[in-house]
Every structure is written in structure tokens, then in C-alpha cells.
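Everything below concerns the one structure shown next.
Protein chains: 2
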Amino acid sequence: MEKTMSEPLRLGIAGLGTVGVGVLRIIRKQAEMLTARTGRKITVTAVSARTRGKDRGVPIDGYAWEDDPVTLATRDDVDVFVELMGGADGPAKAATEAALKAGKDVVTANKAMLAVNGQALAELAESEGRQIRYEAAVAGGIPVIKTLLEGLAGNEFTRVMGVMNGTCNYILTRMQSAGLPYETVFEEANQLGYLEADPELDVGGIDAGHKLAILASIAFGTRVAFDAMELEGIGRITTEDIRQAADMGYRIKLLGVSRMTGRGLEQRMSPCLVPAASPLGQLEGGTNMVVVEGDAVGQIVLRGAGAGEGPTASAVMGDICDIARGTRLPVFGQPAASLVDATPASSATPAAFYLRMELQDKPGALAKVATVLGNHGISINRMRQYDHEAQTAPVLIVTHRCVRADLDKAIAAMAATGVVEGDPVALRIEEV
Amino acid sequence: MEKTMSEPLRLGIAGLGTVGVGVLRIIRKQAEMLTARTGRKITVTAVSARTRGKDRGVPIDGYAWEDDPVTLATRDDVDVFVELMGGADGPAKAATEAALKAGKDVVTANKAMLAVNGQALAELAESEGRQIRYEAAVAGGIPVIKTLLEGLAGNEFTRVMGVMNGTCNYILTRMQSAGLPYETVFEEANQLGYLEADPELDVGGIDAGHKLAILASIAFGTRVAFDAMELEGIGRITTEDIRQAADMGYRIKLLGVSRMTGRGLEQRMSPCLVPAASPLGQLEGGTNMVVVEGDAVGQIVLRGAGAGEGPTASAVMGDICDIARGTRLPVFGQPAASLVDATPASSATPAAFYLRMELQDKPGALAKVATVLGNHGISINRMRQYDHEAQTAPVLIVTHRCVRADLDKAIAAMAATGVVEGDPVALRIEEV
Numbered sequence: 001m002e003k004t005m006s007e008p009l010r011l012g013i014a015g016l017g018t019v020g021v022g023v024l025r026i027i028r029k030q031a032e033m034l035t036a037r038t039g040r041k042i043t044v045t046a047v048s049a050r051t052r053g054k055d056r057g058v059p060i061d062g063y064a065w066e067d068d069p070v071t072l073a074t075r076d077d078v079d080v081f082v083e084l085m086g087g088a089d090g091p092a093k094a095a096t097e098a099a100l101k102a103g104k105d106v107v108t109a110n111k112a113m114l115a116v117n118g119q120a121l122a123e124l125a126e127s128e129g130r131q132i133r134y135e136a137a138v139a140g141g142i143p144v145i146k147t148l149l150e151g152l153a154g155n156e157f158t159r160v161m162g163v164m165n166g167t168c169n170y171i172l173t174r175m176q177s178a179g180l181p182y183e184t185v186f187e188e189a190n191q192l193g194y195l196e197a198d199p200e201l202d203v204g205g206i207d208a209g210h211k212l213a214i215l216a217s218i219a220f221g222t223r224v225a226f227d228a229m230e231l232e233g234i235g236r237i238t239t240e241d242i243r244q245a246a247d248m249g250y251r252i253k254l255l256g257v258s259r260m261t262g263r264g265l266e267q268r269m270s271p272c273l274v275p276a277a278s279p280l281g282q283l284e285g286g287t288n289m290v291v292v293e294g295d296a297v298g299q300i301v302l303r304g305a306g307a308g309e310g311p312t313a314s315a316v317m318g319d320i321c322d323i324a325r326g327t328r329l330p331v332f333g334q335p336a337a338s339l340v341d342a343t344p345a346s347s348a349t350p351a352a353f354y355l356r357m358e359l360q361d362k363p364g365a366l367a368k369v370a371t372v373l374g375n376h377g378i379s380i381n382r383m384r385q386y387d388h389e390a391q392t393a394p395v396l397i398v399t400h401r402c403v404r405a406d407l408d409k410a411i412a413a414m415a416a417t418g419v420v421e422g423d424p425v426a427l428r429i430e431e432v
Numbered sequence: 001m002e003k004t005m006s007e008p009l010r011l012g013i014a015g016l017g018t019v020g021v022g023v024l025r026i027i028r029k030q031a032e033m034l035t036a037r038t039g040r041k042i043t044v045t046a047v048s049a050r051t052r053g054k055d056r057g058v059p060i061d062g063y064a065w066e067d068d069p070v071t072l073a074t075r076d077d078v079d080v081f082v083e084l085m086g087g088a089d090g091p092a093k094a095a096t097e098a099a100l101k102a103g104k105d106v107v108t109a110n111k112a113m114l115a116v117n118g119q120a121l122a123e124l125a126e127s128e129g130r131q132i133r134y135e136a137a138v139a140g141g142i143p144v145i146k147t148l149l150e151g152l153a154g155n156e157f158t159r160v161m162g163v164m165n166g167t168c169n170y171i172l173t174r175m176q177s178a179g180l181p182y183e184t185v186f187e188e189a190n191q192l193g194y195l196e197a198d199p200e201l202d203v204g205g206i207d208a209g210h211k212l213a214i215l216a217s218i219a220f221g222t223r224v225a226f227d228a229m230e231l232e233g234i235g236r237i238t239t240e241d242i243r244q245a246a247d248m249g250y251r252i253k254l255l256g257v258s259r260m261t262g263r264g265l266e267q268r269m270s271p272c273l274v275p276a277a278s279p280l281g282q283l284e285g286g287t288n289m290v291v292v293e294g295d296a297v298g299q300i301v302l303r304g305a306g307a308g309e310g311p312t313a314s315a316v317m318g319d320i321c322d323i324a325r326g327t328r329l330p331v332f333g334q335p336a337a338s339l340v341d342a343t344p345a346s347s348a349t350p351a352a353f354y355l356r357m358e359l360q361d362k363p364g365a366l367a368k369v370a371t372v373l374g375n376h377g378i379s380i381n382r383m384r385q386y387d388h389e390a391q392t393a394p395v396l397i398v399t400h401r402c403v404r405a406d407l408d409k410a411i412a413a414m415a416a417t418g419v420v421e422g423d424p425v426a427l428r429i430e431e432v
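Chains H and V, in that order, give the protein sequences.
Quick note on numbering: the first sequence equals residues 1 to 432 in the UniProt record's numbering.
Quick note on numbering: the second sequence equals residues 1 to 432 in the UniProt record's numbering.
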């Protein structure tokens, strides 16, 4: 039975890391404000975490303790299960499912769980008449889920883009400002605690890819399809790439782009060149940015902290306040059963590309590469060979607009010429 | 009686200018998408406008016609009254009141009506158990009302700022890029149709001030108090001011700032210097930007088109979709009866100021001005006298942080020295 609006909204929180503690802090400090805004008292009934005794800076003695998040999620005195443990499967998923089946709404910050299991969870939630809210799963404090689901609900979306991994943006901007190589800045970021336990989640684009997959599902009414995403990390970017990009008026960003095309759904998370003067190009350090384009609204840019206790807890609280006020929405903006399976079309949209490769220093090498590109229908906008001391010569090429599939074929064919050392780096120049 | 969710949501639209036509276009073009997203058919029952016969680019024969918006607003076959006529009072207010009393929700784009009559209308709406939604009233397509009311509801807001009049930003950035004086660019803007019939609404800061008053009410839980706003237009800004600001690393923007201080509510809409490298400083042309700062989320920046058919209609549609989905919110985010009357404290927060004045070209003039400032406790950070051909010498002063009231006293006292020609220009340097 639905609670009436004047009764308290009772939370069970699983996971008392940075975000969980942030949520507790807000609920304790702003109780009066939250009640004024939602018309209800928001209380915490029970909590759960890996270790109980730890000093977290907020007292948790006043809340019931559960060792098992599934038990927490199904308590009779919990209305909303707040999942802040993380992980695509395992306890997070088990407890979320248990909560939904027990008639609770769920608020989560878990991008991996939604990117991998979002469709099944949404179907479960909707069959139970329950909600899953996940503003904190994408771009931290930026209310981008709400913007797509609600504020811009009158738009047919044309493109959604974002810089949504602060660590990668920190590494790339630091490489640029300090002129330091990737390896050095990666190590700095590691020392500063900016990297996940498995750094590939950050620098390989996986974390940001999870976020983009969620946004694409909402924007295009498609089943979340993280598996179909074209993923490329930032590990091969050199300071030379950054310098060359800057000379041409660009910045290199780990940019997610999702777009519905005539051929299917494009989803890419990869290092791209974007104009230095654009909002995306100007984004420095750990800040996140999401760019949403709709047929009516044009371009909306949202910028803010993508991680951290306060911003992420702010997003969780936004969802909790919505539930307290009685707002009800399908998980991905329309009934999960009506979401369609999109044909993956990773790079259907043509673009100019930046290519860097090492050529053997012998006559005709450059001509061979140019010929291969021409044979694949790719024309060259600019080409430059640098001074070099090594046996190989670095060469930079900017193509005219072409399709990535053709470029990949050309790059494969270059290997057969015997003049290219190693794998060329190819970066899309995204028009923003 | 509430309609069940599966029944159509029936709109009555008053005002068929740019925005009204934009709303009709979206409803006609995206009927299927809107139903998928809201679970209901969204239909238009009746429309009203000044003239009936006009070709608007969309057929209106299929809708009932009403000459009188009050009649439209109270029709039995209308669930939501969409007010797109404009004007603080008159027919817009009369029809809004009639709609609320007849049990209809209201969606409006009318910033003047809300800034001037918002409290009374919100009280009426809430006593009738109805909503007024007004995303389109502030910053066009940017979903800033939703962001403040919902997405960031877990935050105690510390400051809300915005560049919310595209025409003023166009004028200021054009003055900078083309080096043209205010009067020339004003005339250009007029020719381009960028100015309201009464241009003072734009360049005097009134239109943007209305928007800021609405944002302040939501952010700080206060009764909307446009009358208490410190308002200053852009008419006295010269290309020299813009050049000097640029030399120091700043841009001049018509910036709205609202902040709750120990002394009361600060609300200012005035030309300010902001760092050229900040998102606000980088905002060019007619685009709008709103910067929201909260205790948990830190700083969120929202950027997008502030006017035009598509963006404004997008905002109206967001509100309509919310109502179709059954979302219910107090008009200003908490019950209108609980909003407090804030003490106005227009410029309680200290800041550095940019001062420009004309001094008579005689010995000791500069010293006299400096002495007056010192006597009022205002210390000088930098001071510069320019080359000049006229009888008076332009002098630029940048102060250290001081309170505006002290500065105003100093400026008044300068007049008594007899060395200052005309009124000095004083522009706040806002730390963003």
C-alpha cells in the first residue's frame, strides 16, 4: 500500500563510502529544509556496509545495522532502498532486485549495474510498479538524467556528448599544461588517489562508457547497450598529439558521443579533437560536461563536478526528494518494455580524422601512405613530417571527412606497405 | 476530479506568437513520442490569440477558437491552461486566476507575471490544489527551474547567477568584437529585431531582473521580490570599459547575482566584470548561462539558448510532460504560505570595483579623488590616467574589496571636490 505523503519517507542505505556518508550528512544537517521542500520527513531507518566499526565522521548508532544488504533492502520499515555499494552484479544487483520485489523504490549511484543490467532491472521495477532512480550514476552532481528524462522531454534528441571521467580529463589537461608524458601524469593521478582500483575502468573509457550507454538509452528510447559501444582509452595519447592538436586550434578530450543515425545507434567513447574555443574544449581538470542536442532546444551544455562526496550525494538526494514528493517516472523515460534494440552503428557519421604514425625513413614512404589513403577514398587535408632523430619519422595527417570504417581499412592496408612502424593513432575530430 | 493517467491531457493555449506556434508544432510533430514518454495523449482543445485569421505556419482550424482567454482557461474540455500571452497583469493574470479557480493547472512563459504577482498566484494555485509551471519564463530552453526545484533539492543554495538577457549579451560581445560604440550596436540589435518594443526591458535589465527574482525565490525560500532588486542597465558601458576590462583579464556581462547573506537577500542585476577564462566570461552572443552554487553540489553551470521558438517551446513542453506524468510540485518549491519575506540587502557582499571617471585636467585632481576614497575606507588596487585630447582626463581605478554602500558614499563625496565631470561609472568585479 502506498504511504500517504505526510508520513516520513524511510530510507535503507547500503554502502557507507564517500557517497553514503555524504547522503547521511545532508539528511542530518538539512532535515528541516528537506521537509519544507518535500512535505515529508526524510529519515534513515537502517544502514549496511562492509565493516561496521569504522569511524566515518558521522554517527551511525541511531540507525539499525544490517550485515546483509538484501536483508536491509527488504525490511518492512524501509520505503526506499538506497544502493551505494557499486558493482555491476553481486550484492548490489541482488539487493536491488530484492528491494523491487519487496515493493520498494530504489535510488542508486551504480552506473555499471545500470549499463550492464539496466534493461532487466527496469523491466522488473516496472512490473512491480516501482522506480529505479540513478541521477548520481552519470556525471556526479550534474542533473543530466533529469534534464534528459524530464526537462527536455519535448525534444527528439539528435546527439548526446560528454566528458564524464574527471580522471581522464585531469590527465589530458595536465599533460597539456605541464608538457608531461602520459605515464608520468598517470602515476601522479595514481598517487593522488584519482584512479579506480582497476585503472583501466578510468583510462580505458569503461567508466565513462557506462555513463554514455545510460544516456543513450534515455535519449533514443533504446535498450541500454554498453556491449555495442566503441571504446578507446587515452593510453596512446602523447604530448606531441596534444601539441599538434593545439596548433590546429583543438583540444584532445575523452569524449563520449551518442547519436541515432539512419544506419542505427552510434555510441563512441574515445579520445577526440574538439575545438579549443568550445565549452568542451575549455573544460579543464576533473570537471564533467554533458552536451545535449535536441530538435527543439538546440544545444544545452551542463557543467559541474563529476565526482566527490558532496556532488554525488546531491544527486542521490535529488532522487530521494523526487520520490518523497511522489514523482513517478519509467526508469529510462518510457516503459522498459517499449525500448527498442538498436542496430549498433558505431561510427556511421563521417568526420575528419587526425592520424599520427611513424614512417620508416626511406624514399617514397610518405607517398605510399598517401596512396593507400587515396585508394580508400580518403583525401588528405594536411600532412606534415617532423624533425626526428630516430630511424623512423613521425608523420601527422589530417583527413577530410570520411567514415571510420574506410579509415580502418586504409590503416590495415598501410601495414602491408612495410613503411609504417607500429600502429597509427587515429583520433576523430568531433564537430561540436 | 482527477483524470486517470490514461486519458488524454487536454490543453488550452492562449497566445499564438512564436512560442505558442512552437508548442503547436511539437505537439503535432511528436505526438507518438510524447505519448511514449508520458503514457498519455497530449491534445490541444482550444486556442486564443489577438487575431484569428493570420497565417502562422501551422493550421489552427482543428482547435476551438476563443476570443477571450478567460473563457478559454475555464472550458470544461481543458485540463491545462497554457499562458503564452505575456504581461505582468491584464489578460494573462486574469486568465491564469480563472484557470486555477476552475481547477486547471497552468503552464506559463510569463516572467513578468511571476516576478510581480508570483506570490499571490502561487497562494491561489496551492489553495486550489493546482500547479503553476514556468520553466519557459527563465533562460528559455535551459531547464534551470527544474534544476533548482528538483535536481538540486538536496542543496542549501549559496549563490545563483546568470546572464539571462541574450540581447544585452549580444550587444556587449559585439561591442567588444567589432569595437563599435553602444549606440551603434544598440541600433543594429534594433534593426535585427532583437529588442523588445520597450528596449528598456532589455538594456535596462528589467527582463533579466524578473528572471533573477524568480530564481532567488526558489533558491532561498523567499517571497519573490522584484521590487527589492538592485537594477542597472548596460547603457553607460563604453568600448573603453570593455577594452580596459579585457586588459585586466575580464569581460563585462549584464550579470544577475542573488545570494542569501547574514544581512538579508542580495539581488542584483547589473553590468559586472567576470574573469575572461570563466564559463560566464566565455559566453558570447545571444546565449544564456545560469550558474547555481549549492553547499553539496558546488558549482553547476547551465548554458543554452535563452529565447526563440524551439528553445522556449521545449521548456513549455517539459512542463506539460511533467503534468501529463502526474508530477506535482509547489510553485516555488515549498508551499507558498511558508515562503518568507527576506530583508533586502542589495550589496551586502564586498567586492572589488572598477571605476571610470572624467577628471578635470588640473593639478591635484587625481590626489583629491584618491583622498576621498581613502576617507571612505576604500583602498586602491590600481589607478591609471589615459592619454586624452579633451579638456577632461579619463581615469580608471580598481579598488580593493569594499562594500558598495561605502563606494556610493565616496562617489557622492567626489562630486563635492569639483574635479570630477559627470557621474563615475562603477562596475562590480564578481568573483566567479
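In this text, a Cβ means the ideal position worked out from N, Cα and C, and glycines have one as well.
Residue range 250-261 is occupied by the beta strand (DSSP E) that includes Lys-253/H. Where Leu-265/V is concerned, there is no enclosing alpha helix (DSSP H), although the beta strand (DSSP E) around it starts and stops at 264-275. Phe-220/V sits in a helix when the DSSP states are folded into three classes.
Distance from the CA of Ile-429/V to the CA of Met-383/V, rounded to the nearest whole angstrom, comes to 15 Å.
In this chain, Asn-169/V is not harboured by any beta strand (DSSP E); it is covered by the alpha helix (DSSP H) spanning 166-178. Residue environment analysis places Asp-241/H among the buried positions, since at least 16 neighbouring C-beta atoms fall within 10 angstroms of its C-beta. Contact check for Pro-350/V against Cys-402/V passes: the beta carbons are separated by less than 7 Å.
Checking the DSSP bridge columns, you'll see Phe-353/V partnered with Arg-428/V. Unbroken beta strand (DSSP E) runs of no fewer than 3 residues, entirely contained in the region 97-169 of chain H, are found at 105-108, 157-163, following chain order.
Linking Ile-252/H to Ile-132/V through their CA atoms gives a straight-line distance of about 44 Å. Excluding residues up to 5 positions away in sequence, Gly-333 lie with their Cβ nearer than 8 Å to the Cβ of Ala-153/H in the same chain. The three-state secondary structure of Glu-83/H, taken from DSSP, is strand. Val-80/V and Leu-9/V do touch by the CB rule: their CB atoms are close to 6 Å apart, below 8 Å. Asn-169/V and Glu-284/V have their C-alpha atoms roughly 7 Å apart. In its chain, beyond the 5 residues on either side, Val-80, Arg-130, Gln-131, Ile-323 have a beta carbon closer than 6 Å to the beta carbon of Asp-105/H. Nearest in C-alpha terms to Cys-321/V, of all of Val-116/V, Gln-30/V, Val-21/V, is Gln-30/V. Here Ser-278/V really is in contact with Val-432/V; their C-beta atoms are around 5 Å apart, less than 8 Å.
Here Ala-36/V really is in contact with Gly-221/H; their C-beta atoms are around 7 Å apart, less than 8 Å. Assignment of beta-bridge partners to Gly-298/H by DSSP yields Gly-294/H. By the rule that beta-carbons nearer than 7 Å mark a contact, Arg-303/H touches chain V. In the structure shown, Ala-245/V falls within a helical segment according to DSSP collapsed to helix, strand and coil. Listed along chain H, the residues sitting closer than 7 Å to Gln-299/V by beta-carbon distance are Gly-304. Here the C-alpha atom of Pro-181/V lies approximately 14 Å from the C-alpha atom of Gln-244/V. With a cutoff of 7 Å on beta-carbon distance, Ala-46/H and Arg-75/H are scored as near each other. Residue pairing from DSSP places Glu-421/V in a beta bridge opposite Glu-358/V. Not a single C-beta of chain H is nearer than 7 Å to the C-beta of Lys-104/V.
For Met-317/H, the closest Cβ of chain V is nearer than 7 Å. Within the DSSP bridge table, the entry for Asn-288/H names Gly-304/H as partners. The CB of Ile-26/H comes closer than 7 Å to the CB of Gly-154, Ala-296 in chain V, given here in chain order.
Annotation: the continuous beta strand (DSSP E) that includes Val-47/H extends over 42-48. Beyond the five residues adjoining it in sequence on each side, Gly-310/V comes within less than 8 Å, by CB distance, of Gly-22, Gly-141 in the same chain, given in chain order. Straight through space, the alpha carbons of Glu-97/H and Val-340/V are spaced by roughly 43 Å.
Apart from the 5 residues on each side of it in sequence, Glu-66/H sits with its Cβ closer than 7 Å to the Cβ of Ala-46, Ser-48, Leu-72 in its chain, given in chain order. The closest CA to that of Pro-424/V, considering only Thr-167/V, Asn-110/V, Leu-373/V, is found on Leu-373/V. Pairing Gly-151/H with Lys-368/V gives a Cβ-Cβ distance that is not under 7 Å. Leu-192/V sits away from Asp-202/V, with the two beta carbons spaced by 7 Å or more.
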